[in-house]
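There are 2 protein chains.
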Amino acid sequence: MSTPHSSLLTDHYELTMVSAALRDGTADRQCVFEVFTRRLPTGRRYGVVAGTARLVELVRDFRFDDAELAWLREAGVVDEQTAAWLSRFRFTGDIEGYAEGELFFPGSPILTVSGTFAECVLLETLALSVLNHDCAIAAAAARMVTAARGRTVIEMGSRRAHEEAAVAAARSAYLAGFGFTSNLAAGQRYGIPTAGTAAHAFTLLHDDESAAFASQVAAQGKGTTLLVDTYDIAQGIRNAIAVAGPDLRAIRIDSGDLSVLAHHSRELLDSLGATETKIIVSGDLDEYAIAALAAEPVDMYGAGTAVVTGSGAPTAGLVYKLVEVDGRPVVKRSENKATVGGRKVAIRRHKPTGTATEEIVVSQGVPDHRPNDRLLQRSYLVGGEPVELPGLVESREHLRQCLISIPWEGLKLSAGDPTIPVTVVPTN
Amino acid sequence: MSTPHSSLLTDHYELTMVSAALRDGTADRQCVFEVFTRRLPTGRRYGVVAGTARLVELVRDFRFDDAELAWLREAGVVDEQTAAWLSRFRFTGDIEGYAEGELFFPGSPILTVSGTFAECVLLETLALSVLNHDCAIAAAAARMVTAARGRTVIEMGSRRAHEEAAVAAARSAYLAGFGFTSNLAAGQRYGIPTAGTAAHAFTLLHDDESAAFASQVAAQGKGTTLLVDTYDIAQGIRNAIAVAGPDLRAIRIDSGDLSVLAHHSRELLDSLGATETKIIVSGDLDEYAIAALAAEPVDMYGAGTAVVTGSGAPTAGLVYKLVEVDGRPVVKRSENKATVGGRKVAIRRHKPTGTATEEIVVSQGVPDHRPNDRLLQRSYLVGGEPVELPGLVESREHLRQCLISIPWEGLKLSAGDPTIPVTVVPTN
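So this is what it looks like as structure tokens:
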């Protein structure tokens, strides 16, 4: 497999802008870029920050090698002066932002990149690619976790997403509270617990279902999960318990009316003495389907397509905008987008009970401090050097606490407004 | 950046199935797996095969290194016997399938993987990840190209997709007929023409718009595209022509009512003598928005979010199913999914005029030959060795010809049925 650097995961125009700015002397102007969204996906009540730690690694390794520089020159993307500059490039600015697992709303400055124009503009596409993808998945996953009401959800959607996006999706889903992923690369890279036992193909491979189950139990023990819906589910359950005994850890059902099937399966398992055998259901589950199974005797959910595609919102709508040049706020003015220039400081305000009430975002200033305020930005890179970050498990716990802190309407799956308002205070 | 092999871009259960099959002696059974879809995304009239050449490279490099094997053992995913087997693994089977750029419909066997159970089952997730993603993008992109009616479309959606998915999306969009991509990695890896000039940030960086335009023209010449909507569009156009002269190649408008703005901009450009200056529009364009601009004086479209997210269908719904074991057709029977077992041969039937009429897919046999039939499957790997494939430009032309060959209703953007039927003929 080729070893792509992160440096060409970039739009052509970033390099032509750098090229022109190097010629005219503006390349070194001190700039601040911010990442935020103007709106959440339709009906969503919150966004979830995810991917920033991934981005930090990609920024750290953002270098141009000889082959890339040669290609950039041959393709006419950059001139010699720019190529020479790129050959020495490393990001030496600062990156601050919301913690992974933090909630965000329209106007929240979830990432702030400061440094020279040239070094900051180069990161636009990469920063947005990582955050737009990872935040989209995390928000969908968080809704599924809420819908599951404490039951474990397993991410098994790799096959429905680009092979590398799948790894990042598994990371976002775990951050959002999923218990396991099927994706092995996510296990190796991020330490996420992986899970998986067998597909229908394994049953079809064998001479009959009982032979497949016997093979699986011989290899994996009774702690495995037997997939019982290749032929007839009731017979499948009988075969499973006949082969594994009533200590079988779990069965999985991947098709059909899961509500009815979960009931019948529970009754049948109980009648066979397998009262502790768990029922795992999967098959096109999204947050609504999970919620609809709340009253059924289901122990675990497997979610695939819906989580890795953001359940209708596959990208988070984040933009990367220049807000400050040499200390002066700047803003595109041709539209009514209510964008405010200047570097922002953001806090979330809470009631004494801990319930969040609003977010205050102040341009080129600091919000007045009140009790129960929480500063939302932390440092990610200082002078190009990564700062030590919380682990994925801590970020996961942070999100859990954030979701507890928002008004209860915020956890509803139905369409609604952002659960708390963001007030952006312009520069005086 | 870490150098992931493709081997862990795989679901946990594939390795546990291999492990159990190695123990019980079924791992070497000769199997055939097929990739197909049961339905197209709602309302879509065709699917487009894309990504197969990318998959072939990943399969060729599908190896487990020492670190991966150590992790798999430590994490308890596989036992020693399986780890030893994996350490020697390389795919030695055959892969056939539809050509890239070929159309497909529900039931079309777009990929056929044959070999031992163990070697074929390992490829399930990787094959589906690549094809589900790339086919989804290609189908959306093809609809945009149709809507553009011969005008050039530029892919600029990298920032809305996972950073590596963006590169694959650019490839699929080019295959589907897009003229350019903004993504530099796609340019380097696949030879796709890249394009880009400047963002709003470049204008905001400078003391005024004219200074920004002058810098850009100095660096890139009059063949550049000036982005005129940072402040006031009419003034932006006047500034652009004042700086570059009437030979300016193009302006770009990225916001507002593009229909009205295109008209006003054309009139203004003409009045300034810039009658040859092109108008490029961008900003949340999907196939419907592009179609709605057909009568406007637009020369080029920039498409972003919609194309990289499959315009509402971010994954193609393809599945990877075991259809044959040791020459015997197999099929999961618990559902009414009308899946037919056995290795399939597929042809497309045409009228003497060249219009496609239907697809015939025969299990364990060969369709009777008629004039104007076309065999749809070609070889990708033989005994694990890749076969030489057409280049991306040839695949692009193939799709163009395929779209000419389908009944005219197939090109409508409105919701409809698959444009030709697929008849799957079971084993006798």
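For the protein sequence lines, the chains are X and R, in the order given.
Reminder that position 178 of the first sequence reads as 212 in the numbering used here, one-by-one numbering, no gaps.
Reminder that position 331 of the second sequence reads as 365 in the numbering used here, one-by-one numbering, no gaps.
Backbone N, C-alpha and C fix where the C-beta goes; we use that ideal spot for every residue, glycine too.
This one's a predicted model, so the numbers in the text were calculated from it and none came from an experiment.
Closest by C-alpha distance to residue i, when choosing among the options
i, options, result
"G131/R", "R404/R, T228/R, A296/R and I381/R", "I381/R"
"A274/X", "G290/X, K256/X, R404/X and V66/X", "K256/X"
"G110/X", "H196/R, A152/R and T228/R", "T228/R"
"V459/X", "D95/X, V374/X, G279/X and L260/X", "V374/X"
"A200/X", "G211/X, G184/X and R223/X", "R223/X"
"E330/R", "H297/R, A104/R, T116/R and L409/R", "H297/R"
"D360/R", "C65/R, T146/R and D58/R", "C65/R"
"T237/R", "H196/R, G270/R and N217/R", "G270/R"
"L423/R", "F67/R, A87/R and T71/R", "A87/R"
"P75/R", "T461/R, L447/R and T457/R", "L447/R"
"T389/R", "R79/R, Q435/R, A204/R and R367/R", "Q435/R"
"L295/X", "Y47/X, D281/X and I267/X", "I267/X"
"K366/X", "V365/R, T309/R, G290/R and D407/R", "G290/R"
"T505/X", "R72/X, S148/X and Y322/X", "Because residue 505/X is not part of the residues shown, which for chain X are 35 to 462, the question remains open."
Residue i to residue j span [Cα, whole Å]
i, j, result
"V69/X", "P140/X", "11 Å"
"I226/R", "R383/X", "49 Å"
"R286/X", "R300/X", "12 Å"
"T231/R", "G221/R", "15 Å"
"Y265/X", "D242/X", "10 Å"
"S439/X", "E393/X", "13 Å"
"V277/R", "Y354/R", "57 Å"
"G376/R", "V357/R", "5 Å"
"S429/X", "L92/X", "19 Å"
"K385/R", "P405/R", "9 Å"
"R124/X", "R97/X", "6 Å"
"T146/R", "T159/R", "14 Å"
"I188/X", "A245/X", "27 Å"
"V427/R", "F212/R", "11 Å"
"S345/X", "A337/X", "11 Å"
"P348/R", "A101/X", "33 Å"
"L106/X", "V112/X", "6 Å"
"T258/X", "A284/X", "7 Å"
Chain X residues whose Cβ lies nearer than 7 Å to that of residue i
i, result
"Y47/R", "S216, G230, T231, A232 and A233"
"V364/R", "L238"
"H167/R", "A195 and H196"
"R63/R", "L239"
Amino acids of chain X, ordered along the chain, whose beta-carbon sits closer than 8 Å to that of residue i
i, result
"Y322/R", "Per Cβ cutoff of 8 Å: no residues; Y322/R is ~17 Å from chain X at best."
"A54/R", "A232, F236, S249, Q250, A252, A253 and Q254"
"T60/R", "L239, H240 and S249"
"E114/R", "Correct list: empty, because the minimum Cβ distance to chain X is about 13 Å."
Residues near residue i by beta carbon distance below 7 Å, same chain, minus five either side
i, result
"W119/X", "L56"
"G472/R", "It is not possible to answer for residue 472/R, since the shown part of chain R is limited to 35 through 462."
"V421/R", "S413, Y414 and L415"
"D492/X", "The structure shown does not extend to residue 492/X, since chain X is modelled only from 35 through 462, so no value can be given for it."
"A61/X", "V52, A55, T150, F151 and A152"
"H234/X", "L261 and T264"
Proximal residues of chain X, C-beta to C-beta of residue i below 9 Å
i, result
"K378/R", "Per Cβ cutoff of 9 Å: no residues; K378/R is ~16 Å from chain X at best."
Residues that residue i contacts on chain R, provided the C-beta gap is smaller than 7 Å
i, result
"P348/X", "T343 and P348"
"G221/X", "A109"
"F151/X", "L239"
"I356/X", "For clarity, residue 356/X is Leu in the given sequence; the question names Ile instead. Residues of chain R passing the Cβ test: A235, L238 and L239."
"L160/X", "E197"
"E102/X", "Q222"
"S163/X", "S192, R193, A195, H196, E197 and A200"
Proximal residues to residue i (C-beta, below 6 Å), its chain only, five neighbours per side dropped
i, result
"A340/R", "D320"
"A84/R", "E134, D168, C169, A172, S206 and L209"
"I324/R", "M178, A181, A182 and Y335"
"V379/R", "V396 and V400"
"T37/X", "Here the model assigns T37/X a pLDDT of 49, short of 50, so the residue's position is not dependable and the matter cannot be decided."
Per-residue contacts from residue i into chain R (C-beta, under 9 Å)
i, result
"L43/X", "S192, E197, E198, A200, V201, N217, L218 and A219"
Contacting residues, own chain, Cβ-Cβ under 8 Å from residue i (five flanking each side not counted)
i, result
"R272/R", "L302 and L306"
"G417/R", "T126, G127 and D128"
"A326/X", "S293"
"L162/X", "V69, L352, V353 and Y354"
Heavy atom of the ligand MN within 6 Å of residue i beta-carbon
i, result
"L261/R", "The ligand MN is not part of this structure, which contains no ligands at all."
Contained beta strand (DSSP E) runs [length at least 3] in the stretch 317-377 of chain X, N- to C-terminal order = 334-337 and 352-359
request  = Run through the stretch 170-222 of chain R for me and flag every whole beta strand (DSSP E) of 3 or more residues, listed as ranges in chain order.
outcome  = 186-189
inquiry  = My parser needs the alpha helix (DSSP H) runs of 4 or more residues fully inside the stretch 46-92 of chain X; what are they?
reply    = 46-58
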